[in-house]
Amino acid sequence: MKKLALALAASIASAPAMAGVYINAESNASYTGNDFTSRTTDLHLGYEGDAGKLGYYIQGGPAFQAPDGADGNTDFSGKGGLSIAATEKLDVYGEVSFVTDETADTAYGTKIGAKFKF
């Protein structure tokens, strides 16, 4: 599952960006083995664009969190990323994300990768 998510993120991050505002709805479920542990659904408003070989985006909005066996809550999440066409066949990308939590510290994440096209 993790490999599929990384492959999808790589192809999205390396796709040519068109400047403009967008809405992005995304739902992520977590499991430990076969045991469902939680789901977070983001509803983001974003902006993307490009400048030559550099593509970029920034987005944010509510994050609806639903842990298994507990009441859910609504927090705020966001992410921003860059992709660059290093060569005709190689794209490099990165992303920084965060989600607030009403009872714990804000969580942060990073992603970096490369996509080689045959």
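When we follow my numbering, the leftmost residue of the sequence shown carries the number 1412, and every step to the right adds one.
C-beta: ideal position from N, C-alpha, C; glycine also.
First through last residue of the beta strand (DSSP E) which encompasses residue i
i, result
"residue 1463", "That residue, residue 1463, is in no beta strand (DSSP E); it is neither H nor E in DSSP."
"residue 1445", "Where residue 1445 is concerned, there is no enclosing beta strand (DSSP E), given that its DSSP letter is neither H nor E."
"residue 1506", "1501-1510"
"residue 1518", "1518-1527"
Pairwise C-alpha distance: residue j and residue i
i, j, result
"residue 1487", "residue 1437", "14 angstroms"
"residue 1430", "residue 1464", "13 angstroms"
"residue 1452", "residue 1495", "28 angstroms"
"residue 1435", "residue 1518", "20 angstroms"
"residue 1432", "residue 1468", "10 angstroms"
"residue 1526", "residue 1491", "18 angstroms"
"residue 1512", "residue 1477", "12 angstroms"
"residue 1444", "residue 1500", "37 angstroms"
Minimum C-alpha distance to residue i - residue among the options
i, options, result
"residue 1521", "1504, 1485 and 1462", "1504"
"residue 1528", "1440, 1453, 1502 and 1510", "1502"
"residue 1507", "1446, 1470 and 1461", "1470"
"residue 1515", "1440, 1484, 1445 and 1462", "1484"
"residue 1524", "1512, 1511, 1509 and 1497", "1497"
"residue 1458", "1510, 1499 and 1489", "1489"
8 angstroms Cβ cutoff met for residue i and residue j
i, j, result
"residue 1448", "residue 1482", "no"
"residue 1472", "residue 1456", "yes"
"residue 1440", "residue 1450", "yes"
Interface flag, residue i vs chain B, CB-CB below 8 angstroms
i, result
"residue 1432", "Annotation note: the requested chain B is absent from the structure, which comprises a single protein chain."
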